[in-house]
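Q: Chains as they are written, first to last, in this note's numbering: chain U, 1 to 109; chain R, 1001 to 1283; chain A, 2001 to 2138.
My structure is below; once you've seen it, I'll send some questions.
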């Protein structure tokens, strides 16, 4: 598991039923591209977050495939529709098999 | 073969065709509510040198500037989150965390960053935040020192900086700190190295000009620690000083050493009046 | 070595030309786009790609894409060692078909966004981003 990986997500605490809200997500991850070489000239293998998903009450909002060209500390901003109250689950998948996730609850109000 | 320093700079400063779009008149408001002072009258000790002091924020491209306007767009804030975790984590033989003595960081560290580096009466010397963190760790927590420019120290500095965000930088340059301040000032204006450049050569005489396509700033440190887009992580003042001196092809100094502490005090005082920016974003 | 004014200007102009990392373009991008579209015709219009004209640092370049009614938007960097950058698949609860992110560009190049619309057709937009070299080496 890559070390020091921590998500940071901005989602509203409440929304009107059916409202479209803006979601901002960031996760601290080196995103080793596979292009760099170490001090001896050996290539450092690729090790990145390769997929990010956002689901609300089990329905998908967005499913992102990341390549090595996404910057260190991957950032995504997108819009989501909030039909009713529930949990928004954010999941990041690492090349090394690790899965990181965080959940934000959104109430209707 | 000795290339005259000014000529070398002149060669690099001649107008580059690619200028990033930068708005030097923009105001910085964070999260729609925190107004940061990024340009103000220079402190009295700068009479004859600078009329106004300008934060590095103003010299960056529009896209870079906008990254700092929202705490969820600012990539440096993730390190503040990690620093917050560290704050509450017990470390060392005494079974304490920072919170054990200092309580909530919002209260315990309010206003601290704005007045550092600062004369420490007990220690009998000027101290930086990093030194104080390490002293607490070794003397009171029974824990290991953090590397002076390490990632862990940088995020602690970031956490502490945010608690002074919006406050004016106000470091003391008189009284017992005066000798250290004078030494820092001397360093700022001394030409060194292969290119015979001083800090002032670029950051006082040529701020606003381009060095290749880089927009030279005044070299203020009110925004430190800074998230640099170049390496996508936090940089501390001594880390940056070390790199800057090396880049001018001079023998660089040790982070945490007397020379850089003096320089940090002097450079901080050049920004007196500018707002502490918490974690800033630069290239 | 003393520089005359003439020498300085000549040196300066040479340096001025070299402040922008030269344009890069590789055929791999076209192949990657063709793999996405299956060789179908790609139209223009109905997709916006927002990217800076000049990137202050190639390591972190903010971009945004938007294509109302799209199912998927793929972004390619034609001058990177590998062309694929990101694929946005919009789900049932997507508020709209737009997204922003930050990418790495190895040098001045075209960034290309291709959208697969709900009806299976494709549209694309591209933007040339200049990647610059700072003067301080750091």
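Glycine included, C-beta positions come from ideal geometry on N, C-alpha and C.
#1: Which of the three DSSP states is assigned to residue 1156 of chain R in this structure?
#2: Does DSSP classify residue 2074 of chain A as helix, strand or coil?
#3: Are any of the Cβ atoms in chain A nearer than 8 Å to that of residue 60 of chain U?
#4: Output yes if chain U places a C-beta closer than 8 Å to the C-beta of residue 1232 of chain R; else output no.
#5: By Cβ distance below 6 Å, which residues in the same chain neighbour residue 2066 of chain A in space, the five residues on each side in sequence not counted?
#6: Would you list the residues sitting across from residue 19 of chain U in a DSSP beta bridge?
#7: Is residue 1089 of chain R close to chain A, meaning its C-beta is less than 8 Å from at least one C-beta of that chain?
#8: Quick check on this structure: which residue in U/76, U/109, U/49 and U/59 has the alpha carbon closest to the alpha carbon of residue 2091 of chain A?
#9: Just to confirm, is the Cβ distance from residue 2024 of chain A to residue 2094 of chain A under 8 Å?
#10: In chain U, which residues lie with their C-beta within 7 Å of the C-beta of residue 1078 of chain R?
#11: Using a Cβ-Cβ cut-off of 6 Å (strictly less than) and excluding sequence neighbours within five positions of residue 53 of chain U, which residues of its own chain qualify?
#12: Rank R/1175, R/1205 and R/1078 by C-alpha distance to the C-alpha of residue 1126 of chain R and give the top, closest one.
#13: So, for residue 76 of chain U: in the same chain, excluding its five sequence neighbours on each side, which residues have a beta-carbon less than 7 Å away from its beta-carbon?
#14: My guess is that residue 1038 of chain R and residue 1054 of chain R are in contact by the Cβ rule of under 8 Å, so how many angstroms apart are they, rounded?
#15: Helix, strand or coil for residue 1131 of chain R, going by three-state DSSP, please let me know.
#16: Going by Cα to Cα distance, which pick from R/1224, R/1253, R/1258 and R/1102 is closest to residue 1076 of chain R?
#17: Could you tell me which of R/1078, R/1058 and R/1121 sits nearest to residue 947 of chain R, measuring between CA atoms?
#18: Looking only at its own chain, which residues have a Cβ that is under 7 Å from the Cβ of residue 110 of chain U, when we skip the five neighbours before and after it?
#19: Per DSSP, what kind of secondary structure is residue 8 of chain U in: helix, strand or coil?
#20: Going by DSSP in three states, residue 2138 of chain A sits in which element: helix, strand or coil?
#21: With a threshold of 8 Å between beta-carbons, can residue 1225 of chain R be considered close to chain U, or not?
#22: Report the option in A/2042, A/2085, A/2043 and A/2127 whose CA atom is closest to the CA atom of residue 2102 of chain A.
#23: How would you call residue 16 of chain U, buried or exposed, if buried means at least 16 neighbouring beta carbons within 10 angstroms?
#24: Which residues bound the beta strand (DSSP E) around residue 1090 of chain R?
#25: So, do the segment 1101–1112 of chain R and the segment 1194–1205 of chain R have three or more beta carbon pairs nearer to each other than 8 Å?
#26: Pick out whichever of A/2064, A/2054, A/2115 and A/2125 has its Cα sitting closest to the Cα of residue 2036 of chain A.
#27: Using CA atoms only, rank isn't needed, just tell me which of A/2041, A/2075, A/2111 and A/2077 is closest to residue 2120 of chain A.
#28: In this structure, does DSSP put residue 1050 of chain R in helix, strand or coil?
#29: Is residue 1226 of chain R closer than 8 Å to residue 1234 of chain R when the C-beta atoms are compared?
#30: For residue 1161 of chain R, does the count of other Cβ atoms within 10 angstroms reach 16, so buried, or fall short, so exposed?
#31: Shorter than 8 Å from the beta carbon of residue 1154 of chain R to some beta carbon of chain A?
#32: For the segment 1058–1077 of chain R, enumerate the residues whose C-beta is nearer than 7 Å to any C-beta of chain A, in chain order.
#33: Taking CB distances under 8 Å as the criterion, tell me whether residue 1941 of chain A reaches chain U.
#34: Whole angstroms are fine: how far does the CA of residue 1270 of chain R sit from the CA of residue 1290 of chain R?
#35: Starting from the Cα of residue 1167 of chain R, find the closest Cα among R/1115, R/1134, R/1253 and R/1135 and give me that residue.
#36: Starting from residue 1105 of chain R and walking both ways along the alpha helix (DSSP H), at which residues does that stretch end?
A: Concretely, from the data shown:
#1: Working through the second chain from its first residue, we reach residue 1156 of chain R at position 156. Look at residue 1156 of chain R here: in three-state DSSP terms it is helix.
#2: The residue given as residue 2074 of chain A occupies position 74 in the third chain. Strand, per DSSP.
#3: Sequence index remark: in the first chain, residue 60 of chain U carries index 60 (1-based). Yes, because at least one Cβ of chain A sits closer than 8 Å to the Cβ of residue 60 of chain U.
#4: Residue mapping note: residue 1232 of chain R aligns to position 232 of the second chain, counting from 1. It does: the Cβ of residue 1232 of chain R has a partner Cβ on chain U nearer than 8 Å.
#5: Against the third chain, residue 2066 of chain A aligns to sequence position 66. Counting only Cβ-Cβ distances below 6 Å, and skipping sequence neighbours, we find 2048 and 2098.
#6: Taking the first residue of the first chain as position 1, residue 19 of chain U is located at position 19. BP columns for residue 19 of chain U point to U/82.
#7: Position 89 of the second chain, counted from the first residue, corresponds to residue 1089 of chain R. It does not: the Cβ of residue 1089 of chain R has no partner Cβ on chain A nearer than 8 Å.
#8: Residue mapping note: residue 2091 of chain A aligns to position 91 of the third chain, counting from 1. Ranking U/76, U/109, U/49 and U/59 by Cα distance to residue 2091 of chain A puts U/59 first.
#9: Counting from 1 along the third chain, the entry for residue 2024 of chain A is found at position 24. Counting from 1 along the third chain, the entry for residue 2094 of chain A is found at position 94. In this structure, residue 2094 of chain A does not lie closer than 8 Å to residue 2024 of chain A by Cβ.
#10: Your numbering for residue 1078 of chain R matches position 78 in the second chain. Ordered by position in chain U, the residues that pass the 7 Å Cβ test against residue 1078 of chain R are 6, 8, 26, 28 and 73.
#11: Within the first chain, numbered from 1, the residue matching residue 53 of chain U stands at position 53. The residues are 63 and 91.
#12: In the second chain, counting from the first residue as 1, residue 1126 of chain R sits at position 126. It is R/1175 whose Cα lies nearest to the Cα of residue 1126 of chain R.
#13: As a first step, residue 76 of chain U is located in the first chain; it is residue number 76 there, counting from the start. The residues are 25, 52 and 64.
#14: As a first step, residue 1038 of chain R is located in the second chain; it is residue number 38 there, counting from the start. As a first step, residue 1054 of chain R is located in the second chain; it is residue number 54 there, counting from the start. Their Cβ separation, rounded to whole angstroms, is 7 Å, which keeps residue 1038 of chain R and residue 1054 of chain R in contact under 8 Å.
#15: Your numbering for residue 1131 of chain R matches position 131 in the second chain. If DSSP states are grouped into helix, strand and coil, residue 1131 of chain R belongs with the helices.
#16: Sequence index remark: in the second chain, residue 1076 of chain R carries index 76 (1-based). When each option's Cα is compared against that of residue 1076 of chain R, the closest is R/1224.
#17: Nothing can be reported for residue 947 of chain R: it is not among the residues displayed for chain R, which extend from 1001 to 1283.
#18: Absent from the model: residue 110 of chain U. The displayed extent of chain U is 1 to 109, so no value can be given.
#19: Here residue 8 of chain U corresponds to residue number 8 of the first chain, with the count starting at 1. In this structure, residue 8 of chain U counts as strand in the three-state DSSP scheme.
#20: Along the third chain, read from residue 1 onward, the residue named residue 2138 of chain A stands at position 138. Residue placement at residue 2138 of chain A cannot be trusted, given a pLDDT of 48 that sits under 50; what the coordinates show is reported in the next sentence. Note: residue 2138 of chain A maps to coil in three-state DSSP.
#21: Your numbering for residue 1225 of chain R matches position 225 in the second chain. Residue 1225 of chain R does not count as touching chain U.
#22: As a working mapping, residue 2102 of chain A is identified with position 102 in the third chain. Of A/2042, A/2085, A/2043 and A/2127, the residue nearest in Cα terms is A/2085.
#23: Numbered from its first residue, the first chain carries residue 16 of chain U at position 16. Classification of residue 16 of chain U: exposed, given that the 10 Å Cβ count is below 16.
#24: For this step, residue 1090 of chain R is matched to residue 90 along the second chain. Premise fails: residue 1090 of chain R is in no beta strand (DSSP E) and is neither H nor E.
#25: no
#26: Taking the third chain and counting its residues from 1, the one referred to as residue 2036 of chain A is at position 36. Ranking the options by Cα distance to residue 2036 of chain A, first place goes to A/2115.
#27: As a working note, residue 2120 of chain A is residue 120 in the third chain. Ranking the options by Cα distance to residue 2120 of chain A, first place goes to A/2041.
#28: Locating residue 1050 of chain R in the second chain gives position 50, where the first residue counts as 1. In the structure shown, residue 1050 of chain R sits in coil (DSSP, three-state: anything other than H, G, I, E or B).
#29: What you label residue 1234 of chain R is simply residue 234 of the second chain in a count that begins at 1. What you label residue 1226 of chain R is simply residue 226 of the second chain in a count that begins at 1. Yes, Cβ-Cβ distance for residue 1234 of chain R and residue 1226 of chain R is below 8 Å.
#30: Position 161 of the second chain, counted from the first residue, corresponds to residue 1161 of chain R. Buried is the call here.
#31: Sequence index remark: in the second chain, residue 1154 of chain R carries index 154 (1-based). No - not a single Cβ of chain A is within 8 Å of the one on residue 1154 of chain R.
#32: 1060, 1061, 1063 and 1064
#33: Summary: the structure shown does not reach residue 1941 of chain A, with chain A confined to residues 2001 through 2138, and so no result is reported for it.
#34: Limits of chain R in this structure are 1001 at one end and 1283 at the other, which puts residue 1290 of chain R out of reach.
#35: Start at 1 with the first residue of the second chain, and residue 1167 of chain R comes out as number 167. Of the candidates R/1115, R/1134, R/1253 and R/1135, the residue whose Cα lies closest to the Cα of residue 1167 of chain R is R/1115.
#36: Taking the second chain and counting its residues from 1, the one referred to as residue 1105 of chain R is at position 105. Counting along the chain, the alpha helix (DSSP H) containing residue 1105 of chain R begins and ends at 1105–1108.
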